[in-house]
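>
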Amino acid sequence: MTRATKVLTELFWLEHLHRIEAYLDRGGYQALKKALTEMKPEQVQEEVKKAGLRGRGGAGFPAGVKWGFIPKDLDKPRYLCVNADEGEPGTFKDKYILSHDPHLLIEGIVLAAYAVGIHSAYVYIRGEYELIARRLEQAIAEAYAKGYLGRNILGAGFDLELVVHRGAGAYICGEETSLLESLEGKRGNPRLKPPFPALVGLFQCPTVINNVETLANVPFIIQKGAAWFVEQGLPKDGGTRLFGVSGAVAKPGLYELPAGTSLREIIYTHAGGMKDGRKLKAVIPGGMSSPILRADEIDVAMDVDSIAAAGSMLGSGAIIVIAEGTPILHVLRKVAKFYAHESCGQCTPCRLGTSWIHKIVERMAAGGGTRDDVDTLVRLAGNIKGRTLCPLGDAAAMPVAAIAQKFRAELEATLERSAVRP
Amino acid sequence: MSSVLSDVLAKKIDELAARYPVKQAALLPVLHLVQNEKGFLSPEDEQDVAGRLGILPVKVREVVTFYTMFRRSPVGKYHIQVCTNLSCSLAGGDGLVGRLETRLGIALGGTTPDGKFTLTGVECLGACETAPCLMINFDYHGNLDAAGLDKILEGLA
Amino acid sequence: MIRLLIDGQHVEVSEGTTVLKAAERAGIELPRFCFHPAFVPEGSCRLCLVQIEGFPKLELGCSTVVREGMKVATQSPVVREARRGVLEFLLTEHPLDCPICDKAGECKLQDYASDYGLTESVFREAKEKREKRLPIGEKLLLDRERCIQCTRCVRFLAEITKTHELGLFERGVHAEIGIYEGRPVRNGYAGNLVDLCPVGAITDTDFRFKTRPWFLARGESVCPHCSRGCNIYVDHHPGFPRVPGSAKVYRIRPRVNEAVNGPWICDYGRYGFVEAQNKGRSDRPFWNRGGAMTELSWDKVRIVVGEKLKALRESGRTGRAAVAASGWLTNEDLYLVRKIFRDDLKISRLFIVDPKPGESDGMLLLPDRAPNRRGAAELGFDLAPPSLEALTRETDVLILFGPHLAAHFGLEELRTAFDKIAFKILVTSHLSGLESLADVVLASATPAEKEGSFTNADGRVQRFSATARSCPDVRPELRILQDLAREIGLRSDLYGPAAAARTVHVALVQEIPFFGARA
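Protein chains in written order, with numbering that gives the first Met the number 0: chain Y, 0 to 421; chain S, 0 to 156; chain Z, 0 to 518.
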């Protein structure tokens, strides 16, 4: 089998791709037709499981396995929530699917809903994507009009209602239980797990939450089969991935590449290498929450398991490239500010730890830092990681710990230079 | 207290609420609707929305104060929300903030005396491939250098 | 049943039990702020984290359900370090208010900080400045700097009273608790928020700055302000350097009784109790002769009143006497009232007069605003309030217990009705205006100041001992009755002088087993 160079984004740059006519013209909604007429829901689930589709939101959990957690015989409505909150700094991939190929997403949604027996789905889209949300709503209206949504889809007796729901500026709402709270019209305070959303989710009913890119892959899996999908990537991490490259590269942008592509290749072969001939200093490989990599650590395969083994994480595939000349303290400042601003405030370590870290880093940036501040930062990160109610705590702690560990010498030198002598 | 919601708005709120099995779930979309109409959310708006959705005003305020996009005081005709996160900063975003503050004569968080511009710093807008970027009302503008910024500001009536 | 090991101890609990509850069974108390047994576990303070073998991260004790064979460590170095971490975080933004904070001495943050050796801070930054005296209820002030966001207050109003007055606004370190303007906490149970708050963030304006917990003695009693019989602690200054018997009650707090009031009390009782204990007391015996009130010693009381009652007994004209007892008297008091007046003196007109009933609040507060009407009923008293006519017609001697008659009739009406009554005795703990109509006013103790038992509306007999003695010159009704009985020449072991309330109780139970039953 040959590897396709592009799967999701192959036709992204076609004008009017977002219109249903263009989507149908290129074979859109055929996978849905196939599933509804030739496959049982369990078969759709099985195919997605075999395809090794890992969640593309950040956690990398196998989608087919997640769908299987929905109890078969609970007498309650089930819900599908599409996580289009895309708040992880450095990430912009879902924006493209939503605005360029909304019908691909819609088809993926219907397939997922069919696979799990869900008749009500919500797309939770971040509030800042207002114009994209309107386009998505247009596409949904088109789909309803042509019978791909609503009652008795394609005459196969399957119903699905799809609603677009806007967020309002809170990174935490990308966390699945916080998303549920927000969708229910409340503060985005995450919930205790267990119980897990598969059992107690939206409106206390069994719920599946999937990322946009994850669902956008489903039509391809159904149309071309699990084996083909695996071939595009790796056995336990099938398909291609959308890597978003930003920072000090010549060609920042979206790059669709097989899972397992080397980080070095992504930066130097695809994204044009360093901008203005600068030297590489560091890379944040998977969105701001992922532990930073030094320039000598970029020979790592960008698939969920390989980069985890290297001490970082694939996360949202958002690659932020940092050049020599950017003080690491500057990076640390942005990190510390972000998590302090986005902490929901519910649990002690995150609420007070992110704030304390932010205050220390600001003092360091203002010239009032000392060497033991670096030790304190590491200690505080350690008191946050693994102790919080939701993963935002880990997301706040890991980058701070990684920067302090890998760039300690530079940090200490900065503080030495600016420290007030007694 | 008499409602400050027009009939049209009230009807739209009911339509939004009908999309969910529980009315409260419509709160965020409803607050967007009211804010887009009125520019910001006053306590009277909170109370009216609360009444319309059958929840307590305190629950509405919890939401209004949690999410950064909801404004409790008027914003200028053009709400300039400039990204202050990492990728934009690596592309010169901090300089962009400085230039905006100088051009508009206000600090981050302020509104110009003529009520035309409000300048806010925000976190990652999801447009890092076009860094540095900002959002004016709902429109994204990226790849901004000094000239590009000036051009945009001039074009705003 | 599930068997597990906690700190090496074997524990057996039913399925669905949390680690925290199982640890309690083993006598181990996990530290906690946000957890409260009356609420659904919240899991936000992160203080109850424990180590469980096989689990990669520390897990919450409050919400983790036990599994067969689990091995839990609650005091390992990792766990202690985690607790120190949480406490250290809390102390970074917590003001150094202890010297001026009401909660000092009964503050969980103080207790845990000292348990875990947190005496020095490495926090060098500026603390958040926040509101320190925000009124959130009639008697409630919120100090947002002290608040540790355990959200017990918010959840109490959501889960228990379901009135939702408090909300959580903003987010992150700026998150703060507050009310919506014009909608303060006002639901009849606001006082519980002060008890619930683990630190001094919510304080009671009645109690604020008045004393220190380490000066207070804690007595156990039963709230007498309705027939629920909520169990309470009576916090008071015991004695030195005050005059003995002049203890002031500063506050009452709920005493947990799952079968009666759970962990709460209502505001009507909470604030009514202290008000009644300290204000408007009839604090010494008086003789009212033609409008002039002269103080009377208890010896003189015995003689004056005894003389009248002896005369009554010898004349055989007991049909011309009437007694209005009250549901505020204890079972033991009422037992003696019945024995002396009905059995010995053959007075047939025995009534019960109590405050007018009020509204039930749908939770703890019941309509009967007296603690022991059920006890009176079980003793055979007729609970129907008497007409003034029935009380005063052809009456020469009237004995009233309690000021409650003034709630049913106006003073002038009473004055007219009492005109023909030769001798009126009023036994009361509180002034009501009735004193001006009586001939002799005997100062009696409040329920907090005496020993006895009440029977609540459910038929539960609850015994209590004397706690705070606030007025030196008052006497429990039991003692007053016993002294008078002996003075008149009545004979019984129960008329003492050595017969304490518990002796009377034993006799009561023997005669009427109902009063000995335990639910």
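All residues carry an ideal CB built from backbone N, CA and C; glycine is no exception.
From residue 122 (chain Y) to residue 27 (chain Z), what distance separates their C-alpha atoms?
Numbered from 1 along the first sequence, position 123 holds the residue referred to as residue 122 (chain Y). Numbered from 1 along the third sequence, position 28 holds the residue referred to as residue 27 (chain Z). For residue 122 (chain Y) and residue 27 (chain Z), the distance between alpha carbons rounds to 46 angstroms.
> Against chain Z, does residue 65 (chain S) count as a neighbour if the rule is that its beta carbon must be under 8 angstroms from one of theirs?
As a working mapping, residue 65 (chain S) is identified with position 66 in the second sequence. At a cut-off of 8 angstroms, the C-beta of residue 65 (chain S) has a neighbouring C-beta in chain Z.
> With DSSP run on the structure shown, which of helix, strand or coil describes residue 86 (chain S)?
One-based indexing of the second sequence puts residue 86 (chain S) at position 87. In this structure, residue 86 (chain S) counts as helix in the three-state DSSP scheme.
> Near residue 135 (chain Y), what residues of its chain come up, given a Cβ to Cβ distance below 6 angstroms and the 5 sequence neighbours on each side ignored?
Walking along the first sequence from the start, residue 135 (chain Y) turns up at place 136. Take residue 135 (chain Y), set aside five residues on each side of it, and the residues of its chain with a beta-carbon closer than 6 angstroms to its own are 97, 101, 163, in chain order.
> According to the Cβ coordinates, are residue 150 (chain Z) and residue 41 (chain Z) closer than 8 angstroms?
Walking along the third sequence from the start, residue 150 (chain Z) turns up at place 151. Walking along the third sequence from the start, residue 41 (chain Z) turns up at place 42. Yes; because the gap between Cβ atoms is below 8 angstroms, this pair is in contact.
> For chain Y, find out if any of its Cβ atoms is closer than 8 angstroms to the Cβ of residue 62 (chain S); answer yes or no.
Here residue 62 (chain S) refers to the residue found at position 63 when the second sequence is read from its first residue. True, the Cβ-Cβ gap to chain Y drops below 8 angstroms.
> Please name the residue or residues paired with residue 119 (chain Y) in a DSSP beta bridge.
Counting from one through the first sequence, the residue named residue 119 (chain Y) turns up at place 120. Y:78, Y:160, per the DSSP bridge assignment.
> Relative to the C-alpha of residue 211 (chain Z), which candidate in Z:248, Z:179, Z:181, Z:228 has its C-alpha closest?
Against the third sequence, residue 211 (chain Z) aligns to sequence position 212. Measuring from the Cα of residue 211 (chain Z), the nearest candidate turns out to be Z:248.
> Indicate whether at least one CB of chain Y lies closer than 8 angstroms to the CB of residue 107 (chain S).
As a working mapping, residue 107 (chain S) is identified with position 108 in the second sequence. With 8 angstroms as the cut-off, residue 107 (chain S) does not count as an interface residue toward chain Y.
> What residues are listed by DSSP as bridge partners for residue 293 (chain Y)?
The residue labelled residue 293 (chain Y) in the question sits at position 294 within the first sequence. DSSP, once it has assigned bridges, lists Y:281 as partnering residue 293 (chain Y).
> If we cut at 8 angstroms on Cβ distances, does residue 20 (chain S) have a partner in chain Y?
Counting from 1 along the second sequence, the entry for residue 20 (chain S) is found at position 21. By this cut-off, residue 20 (chain S) is an interface position.
> Contact criterion: CB-CB distance below 8 angstroms. Does residue 84 (chain S) meet it with respect to chain Z?
Walking along the second sequence from the start, residue 84 (chain S) turns up at place 85. It does not; no Cβ of chain Z falls within 8 angstroms.
> Residues in the same chain with beta-carbon distance under 7 angstroms from residue 312 (chain Z), minus the five sequence neighbours each way, listed in chain order, please.
Here residue 312 (chain Z) refers to the residue found at position 313 of the third sequence. Hits under 7 angstroms: 344, 487.
> DSSP has residue 206 (chain Y) in a bridge; who is on the other side?
The sequence position of residue 206 (chain Y) within the first sequence is 207, counting from 1. Per DSSP, Y:78.
> Alpha carbon to alpha carbon, how far is residue 97 (chain S) from residue 152 (chain S)? Give it in angstroms, no decimals.
If you number the second sequence from 1, residue 152 (chain S) lands on position 153. If you number the second sequence from 1, residue 97 (chain S) lands on position 98. A straight line joining the alpha-carbon of residue 152 (chain S) with that of residue 97 (chain S) spans about 14 angstroms.
> Around the Cβ of residue 550 (chain Z), are there at least 16 other Cβ atoms within 10 angstroms (buried) or fewer (exposed)?
In the structure as shown, chain Z begins at 0 and stops at 518. Residue 550 (chain Z) is therefore absent and cannot be evaluated.
> Are there 16 or more other CB atoms within 10 angstroms of the CB of residue 155 (chain Y), so buried, or fewer, so exposed?
Residue mapping note: residue 155 (chain Y) aligns to position 156 of the first sequence, counting from 1. Residue 155 (chain Y) comes out exposed.
> I need the boundaries of the beta strand (DSSP E) containing residue 321 (chain Z), first residue and last residue.
For this step, residue 321 (chain Z) is matched to residue 322 along the third sequence. Per DSSP, residue 321 (chain Z) belongs to the beta strand (DSSP E) from 320–324.
> For residue 351 (chain Y) versus residue 88 (chain Z), is the C-beta spacing smaller than 8 angstroms?
Counting from one through the first sequence, the residue named residue 351 (chain Y) turns up at place 352. Counting from one through the third sequence, the residue named residue 88 (chain Z) turns up at place 89. Yes; because the gap between Cβ atoms is below 8 angstroms, this pair is in contact.
> Cβ of residue 114 (chain Y) within 8 angstroms of Cβ of residue 43 (chain Y)?
For this step, residue 114 (chain Y) is matched to residue 115 along the first sequence. For this step, residue 43 (chain Y) is matched to residue 44 along the first sequence. Yes.
> By the 10 Å Cβ neighbour count, where 16 or more other Cβ atoms means buried, how is residue 180 (chain Y) classified, buried or exposed?
Numbered from its first residue, the first sequence carries residue 180 (chain Y) at position 181. With 16 or more Cβ atoms within 10 Å of its Cβ, residue 180 (chain Y) is classed as buried.
> Could you tell me which chain S residues have their CB closer than 7 angstroms to the CB of residue 330 (chain Y), listed as they occur along the chain?
Position 331 of the first sequence, counted from the first residue, corresponds to residue 330 (chain Y). Simply 85.
> Under 8 angstroms between the Cβ atoms of residue 348 (chain Y) and residue 84 (chain Z)?
Within the first sequence, the letter at position 349 stands for residue 348 (chain Y). Within the third sequence, the letter at position 85 stands for residue 84 (chain Z). In this structure, residue 84 (chain Z) lies closer than 8 angstroms to residue 348 (chain Y) by Cβ.
> Identify the continuous beta strand (DSSP E) that holds residue 140 (chain S) and give its terminal residues.
By 1-based counting over the second sequence, the position of residue 140 (chain S) is 141. Residue 140 (chain S) -> beta strand (DSSP E) spans 138–140.
> Just list the alpha helix (DSSP H) runs in the stretch 130–167 of chain Z, keeping only unbroken ones of 4 residues or longer that don't cross its boundaries, in chain order.
151–154
> Can you pull the chain S neighbours of residue 167 (chain Z), defined as C-beta to C-beta under 8 angstroms?
Numbered from its first residue, the third sequence carries residue 167 (chain Z) at position 168. Residues of chain S passing the Cβ test: 61.
> Identify the contact partners of residue 170 (chain Z) in chain S, using a Cβ-Cβ distance below 7 angstroms as the criterion.
Here the question's residue 170 (chain Z) lines up with position 171 in the third sequence. The contacting residues are 65.
> Roughly how many whole angstroms lie between the Cα atoms of residue 521 (chain Z) and residue 253 (chain Z)?
Given a span of 0 to 518 for chain Z in the structure shown, any question on residue 521 (chain Z) remains unanswerable.
> Does the beta-carbon distance from residue 494 (chain Z) to residue 481 (chain Z) come in below 8 angstroms?
Taking the third sequence and counting its residues from 1, one reaches residue 494 (chain Z) at position 495. Taking the third sequence and counting its residues from 1, one reaches residue 481 (chain Z) at position 482. A contact, by the Cβ cut-off of 8 angstroms.
> Ignore the nearest five residues each way along the sequence and tell me which others in residue 19 (chain Z)'s own chain have a CB closer than 7 angstroms to its CB.
Residue mapping note: residue 19 (chain Z) aligns to position 20 of the third sequence, counting from 1. Counting only Cβ-Cβ distances below 7 angstroms, and skipping sequence neighbours, we find 29, 34, 47, 60, 61.
> Between the C-alpha atoms of residue 193 (chain Y) and residue 332 (chain Y), what's the straight-line distance to the nearest angstrom?
Residue 193 (chain Y) sits at position 194 when you count from the first residue of the first sequence. Residue 332 (chain Y) sits at position 333 when you count from the first residue of the first sequence. Each residue's Cα considered, the two are about 34 angstroms apart.
> Which residues mark the beginning and the end of the beta strand (DSSP E) in which residue 460 (chain Z) is found?
Start at 1 with the first residue of the third sequence, and residue 460 (chain Z) comes out as number 461. Taken as a continuous stretch (DSSP letters only), the beta strand (DSSP E) holding residue 460 (chain Z) covers 460–463.
> If we define contact as Cβ-Cβ less than 8 angstroms, is residue 91 (chain Z) a contact residue for chain Y?
Indexing the third sequence from 1 puts residue 91 (chain Z) at position 92. Residue 91 (chain Z) counts as touching chain Y.
> For residue 399 (chain Y), tell me which candidate among Y:211, Y:327, Y:323 has the shortest Cα-Cα distance.
Counting from 1 along the first sequence, the entry for residue 399 (chain Y) is found at position 400. When only C-alpha atoms are compared, the closest one is Y:327.
> Can you give the Cα-Cα distance for residue 384 (chain Z) and residue 370 (chain Z), rounded to whole angstroms?
Locating residue 384 (chain Z) in the third sequence gives position 385, counting from the first residue. Locating residue 370 (chain Z) in the third sequence gives position 371, counting from the first residue. Their backbone Cα atoms lie some 16 angstroms apart in a straight line.
> Consider the Cβ of residue 148 (chain Z): report whether some Cβ of chain Y lies at a distance smaller than 8 angstroms.
If you number the third sequence from 1, residue 148 (chain Z) lands on position 149. Interface residue, yes.
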